[in-house]
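Taking it in order: structure first as structure tokens, then the write-up.
Protein chains: 2
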Amino acid sequence: MFVTRIPNRVSKAHQTLRCQRTLFDRLRIVSFLDYLVTCTHPQHGVMAASAPSSSGGEPDPNSTNLRPPGTSYDAWCGVAHGCTRKLGMKICGFLQKNNNLEEKISSFKERSSKDLLDNSDRDSRFRRTETDFSNLFARDLLPAKNGEEPTMQFLLEVVDILTNYVRKTFDRSTKVLDFHHPHQLLEGMEGFNLELSDQPESLEQILVDCRDTLKYGVRTGHPRFFNQLSTGLDIIGLAGEWLTSTANTNMFTYEIAPVFVLMEQLTLKKMREIIGWPDGEGDGIFSPGGAISNMYSVMTARYKFFPEVKTKGMNAAPRLVLFTSEHSHYSIKKASAALGFGTENLILLNTDERGRVIPADLEAKVIDAKARGCVPMFVNATAGSTVYGAFDPIHEIADICEKYNMWLHVDGAWGGGLLMSRKHRHKLSGVERANSVTWNPHKMMGVPLQCSAILVRERGVLSGCNSMCAGYLFQPDKQYDVSYDTGDKAIQCGRHVDIFKFWLMWKAKGTIGFEHHIDKCLDLSHYLYTKIRNREGYQMVFEGEPQHTNVCFWYLPPGIRDMPDGQERRERLHKVAPKIKAMMMESGTTMVGYQPQGDKVNFFRMVISNPAATRSDIDFLTDEIERLGHDL
Amino acid sequence: MFVTRIPNRVSKAHQTLRCQRTLFDRLRIVSFLDYLVTCTHPQHGVMAASAPSSSGGEPDPNSTNLRPPGTSYDAWCGVAHGCTRKLGMKICGFLQKNNNLEEKISSFKERSSKDLLDNSDRDSRFRRTETDFSNLFARDLLPAKNGEEPTMQFLLEVVDILTNYVRKTFDRSTKVLDFHHPHQLLEGMEGFNLELSDQPESLEQILVDCRDTLKYGVRTGHPRFFNQLSTGLDIIGLAGEWLTSTANTNMFTYEIAPVFVLMEQLTLKKMREIIGWPDGEGDGIFSPGGAISNMYSVMTARYKFFPEVKTKGMNAAPRLVLFTSEHSHYSIKKASAALGFGTENLILLNTDERGRVIPADLEAKVIDAKARGCVPMFVNATAGSTVYGAFDPIHEIADICEKYNMWLHVDGAWGGGLLMSRKHRHKLSGVERANSVTWNPHKMMGVPLQCSAILVRERGVLSGCNSMCAGYLFQPDKQYDVSYDTGDKAIQCGRHVDIFKFWLMWKAKGTIGFEHHIDKCLDLSHYLYTKIRNREGYQMVFEGEPQHTNVCFWYLPPGIRDMPDGQERRERLHKVAPKIKAMMMESGTTMVGYQPQGDKVNFFRMVISNPAATRSDIDFLTDEIERLGHDL
């Protein structure tokens, strides 16, 4: 069935593995020494010397170099062990300070054989031996017979690639990215072939593919990557995600995810406590991102007010309207389209010059909607808007929601993390009055993607809204308390384990660790703001200290600084940020986002969520903008 | 800011690390030997012996045992290297067969110093040194200053835990699970404390937490885990997921996920080719599971027929009805509730005794709905139903869809994988006539969770339905071809990279590798079916060979085999599967699902998607059912 195909990139793969090959040769010789040492062992004596010694032969570059299990680490120990027997006496004379050498060596000898017994299984597996992957295929890995050793070696080789990537990610002398256009990558960069085929590739090729995938990607954990709200590479979170992948289970029932289900419940409760809901009561679930969390909030609100929509559809309800800021995230709009409200029934609220909702505008629009025969049902208050980082005034919005009996949702996907900071959480003051909150730990808290929570104040609405009681998953006659089978609350069936990395980070950092991270990011954005607000060539998009880490600014190349305000200047300025960004990406030195907003032409939006970033990286960014933009 | 807290589980953590501690002591002594060897080196001579030797001192159990970078592997080499100088001549006499020993040793000596230079960076990093994690915290890891070495050591320690878990997963002498009730885990099993606190835990505690998390979880890759449609632990997929976590990026733009975006496009095209759409044309996206993929299909259909719903809501459309089998997955029902159709407007279709839709029933219900003034819009045909594994007759359903101008969706979440098999793909005959298809590689194809695709035949509908053109993500003035910014097609904003593990598996196995896996699973279910269909004590839920790997059966303990059919027998039989399942979980030997269906009392649903399963595991399952159920 399987045909071994000649790898299409043999030369490159060989090149890549060349430096490992020398190591392999070395290990072979050490293995040979191991053999010699074994021969000198009293229990084996010279007898063993007549046994065939395949590991002592000439290295054969064409052979499958899989060493039998247990030889690598044992070999080293054997060398050391054997050596000490003969070497100990010889070198004693050289030493003045170590009077207890004999004792140490003797103790080592005694211990080492015992330890080898205790740890042989563990250690022999962990140590990477040099393996020729060019003749190995996926079918040779577990669960294949004798698949354990190649599996371990393959995984360790992958880990080597990944740990090297991790190291380089934090190394400022590496690029953030090595940019190529789509057509270039599709044509196959240096043999990196993205096309899929009928026949398998060797594991050697797979390893090369892994390296290439990372090589042509973007280092989102690099200290100078500022392009998105989610940046950074948290090591604990990474470890958590590796474990999650290894556990490879599903959140729908306690039955197959007991630990993760409990972690989710405890963590959600903790988040609700931090929001300020009494005793952390309420409900919630982790969802595949803030957009889905926001969608949950609209669905849950609708179910609360018009439960009959679940069975009868939107025709059973009056014409419902939703409210959100013109600066809010587009997911509210996506939800209103998807859930059958229609984007025209999502009413956009005016904001002040800082991007914060004007409560009076909300009330006026509520009154107007009612007058038109619509039913105002849902208000989204943004805590940390995407571009400006603005926090809507929750208390004032909550007053209006109470007055007109509307559901208050707080979209804290970006700003929710500030709840962890005693210094900054006042920006979400009033969040405890919300009926639901979106909070993405994968943004400001540095948790790896994906990790987003929807939290609901009233217990029962979420499950009432979504449960369908499928008999093949949620059997009522299980032997355990089935209230822990939380999957029926979700609009998903299978649900990825997003909780573990977050739980593990919380354990490892403590609440104060998150607080420290958030305070540090806000300090850095303050540094940037104070640095550029009066600097020549910069113009702030809005006045005053930003509320979040978003610092929005135009860079004005000297050529347009003195131009009179007007259409021509606007048109030229509009092109500056995209041009600088393109050059940044081509040179790969740093990345920062830009966009227009309303009638404002393209400006840079700097955001800081990256724990690796320092003031020097901020300085680097501004220097880079000036370097690249000076002559535009 | 940070306070070092005494770990609350010191005794356990120490116990767990005890075996490592002895290894650590050994390493210390080896390091000491290294020092001795250095002293004998001609370039250092006896001079070096007078230098202070901290590594040669008495092991101090309280010290932070972090070795400086580069000492571990080098130490071993040093020992071996030094040893050979003195040892070589001594042991020559013992050897008969190796005439070229001197040459080998000399060549090794020459090579090793050069290699150490070439590989020093690589190897010193990769090699795990014994590290005392009890005084290390998350804050000591990268990006902390000097954080590289602890980061590498921490990650390698985690990998050690994970690779041990992987090995045990495939070991039939281990349990599938170690079951505990929620309250037991919440109370803290052997000190496994799930609660989160303000202060950080040491990395030692974090490692113990990782071990405990796996210990109390369920080995979904175990050869005897048959509980869900997603089983197994694919090593290539696992490696892919580890890489994905390390890259930690987001699918919304080409800008930050260039390689992954292209991989997604190419893979989706390949899938469309396999479905049979001309030239693989069409559209699609990976979504967080089959339920969301099915939701996409309904949204897309609605947009195709009533695009005004996007802006005006469901009130702009007539009363729309959807059709699906009574055996179909509950996600169709969830979608009809969420999207504003209402579950009552989802009309359930009758099936034959094998769980396949009866096309005539569809047509009759379409006609009836029209007569009631409704507009039939969408039909879901299931390819591989959840419980019976039934394949609806797609061609006959497609005929009716064409006749009445309805969208045909094929939910191949479970059965889609059979398209990869030349032997079994006929079961989806007609799928090329579908307007959209759900296909979950994370089920039958063994890809780690989550990996689900929604594929749409007509290009443009998916993006038309969902795009909102957010200016801060999808800037039209980027320097590259922005048609590769595919994120606006999604209802999500941030989107996890689900493609890479699948792409990598396809590379590693080839199309034929997937085919082989699928054929093997179906062979195994055939084996089970033929084994039990006439076996005493078993009764099949439906007659005839199953279409998919689902084998549905009752086990009848001797005590009820001769009971007359009737209410009492039904009630007793209804309790058998839950009781056996509970005992299975308590003993941890295997796991298989059960459920009622319609008027049929609880029965076992065996499904095989696990590549590790063999006939002996099938035999084990039936033996176990008989052992546990015999006296019920």
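Chains as they are written, first to last, in full-length UniProt numbering: chain A, 1 to 632; chain B, 1 to 632.
Even glycine gets a Cβ: it sits at the ideal position worked out from N, Cα and C.
Nearest neighbour of residue i, chosen from the options [CA to CA]
| i | options | result |
| --- | --- | --- |
| C465 of chain B | B:L320, B:G284, B:E344, B:K334 | B:G284 |
| D599 of chain A | A:V541, A:R167, A:I580 | A:V541 |
| W503 of chain A | A:K269, A:V208, A:M563, A:K531 | A:K269 |
| P476 of chain A | B:E149, B:T590, B:M444, B:Y594 | B:Y594 |
| V379 of chain B | B:K423, B:G446, B:S297, B:I454 | B:S297 |
| F553 of chain A | A:M606, A:I206, A:V218, A:E458 | A:M606 |
| L510 of chain B | A:D171, A:D132, A:P150, A:Q205 | Position check: residue 510 of chain B holds Gly in this sequence, whereas Leu was assumed. G510 of chain B has its Cα closest to that of A:Q205, out of A:D171, A:D132, A:P150, A:Q205. |
| residue 633 of chain A | A:D617, A:L362, A:G240 | One cannot answer for residue 633 of chain A here, as it falls past the ends of chain A, which runs 1 to 632. |
| N164 of chain B | A:R172, A:M468, A:T151, A:G290 | A:T151 |
Cutoff 9 Å: residue i Cβ touching any chain B Cβ
| i | result |
| --- | --- |
| M505 of chain A | yes |
| R615 of chain A | no |
| D481 of chain A | yes |
| Y555 of chain A | no |
| M299 of chain A | yes |
Residue i to residue j span [Cα, whole Å]
| i | j | result |
| --- | --- | --- |
| T622 of chain A | Q492 of chain B | 32 Å |
| T324 of chain B | Y529 of chain A | 57 Å |
| S463 of chain A | D488 of chain A | 7 Å |
| F341 of chain A | M314 of chain A | 8 Å |
| N248 of chain A | T549 of chain B | 21 Å |
| V3 of chain A | H630 of chain A | With a pLDDT of only 38 at V3 of chain A, under 50, the local geometry of the prediction cannot be trusted, and the value read off the model is given with reservation. Each residue's alpha carbon lies about 58 Å from the other. |
| G276 of chain A | A413 of chain A | 17 Å |
| G237 of chain B | N250 of chain A | 16 Å |
| V387 of chain A | K581 of chain B | 53 Å |
| L573 of chain B | Q597 of chain B | 14 Å |
| L203 of chain B | P143 of chain B | 16 Å |
| T131 of chain B | I161 of chain A | 22 Å |
| Y480 of chain B | T267 of chain B | 21 Å |
| I560 of chain A | H424 of chain A | 38 Å |
| T438 of chain A | I274 of chain A | 13 Å |
Alpha helix (DSSP H) segment containing residue i, residue limits
| i | result |
| --- | --- |
| S245 of chain A | 235–247 |
| D619 of chain A | 615–629 |
| H574 of chain A | 567–587 |
| N610 of chain B | Careful: N610 of chain B lies outside any alpha helix (DSSP H) and carries neither H nor E. |
| W503 of chain B | 499–532 |
| L194 of chain B | Unbroken run through L194 of chain B: none, as it is neither H nor E. |
| T163 of chain A | 148–169 |
9 Å Cβ cutoff, residue i in contact with chain A
| i | result |
| --- | --- |
| H630 of chain B | no |
| V309 of chain B | yes |
| M606 of chain B | no |
| D60 of chain B | Because the pLDDT at D60 of chain B is just 36, under 50, the model does not fix this residue reliably, and the value given afterwards should be weighed accordingly. So no, D60 of chain B is outside the interface. |
| C401 of chain B | no |
| W439 of chain B | no |
| H180 of chain B | yes |
Same chain only: Cβ atoms within 8 Å of residue i, ignoring 5 sequence neighbours per side
| i | result |
| --- | --- |
| V461 of chain B | D283, T300, Y303, K304 |
| L473 of chain B | F252, T253, D485, G487, D488, C493 |
| L556 of chain A | G537, Y538, Q539, L573, V576 |
C-beta neighbour in chain D for residue i, strict 9 Å
| i | result |
| --- | --- |
| Y529 of chain A | The structure shown has no chain D; the protein chains it does contain are A and B. |
Spatial neighbours of residue i in its chain, beta-carbon cut-off 6 Å, leaving aside the 5 residues before and after
| i | result |
| --- | --- |
| T174 of chain B | K168 |
| A316 of chain B | E308, V309 |
| L348 of chain B | E326 |
| E353 of chain B | F542 |
Neighbourhood of residue i by C-beta distance below 7 Å, restricted to the same chain and skipping five residues each side
| i | result |
| --- | --- |
| S328 of chain B | N380, T382, S385, D411 |
| K443 of chain A | L229, S230, A413, W414, G417, S609 |
Bounding residues of the beta strand (DSSP E) (the contiguous stretch that carries residue i)
| i | result |
| --- | --- |
| M591 of chain B | 591–597 |
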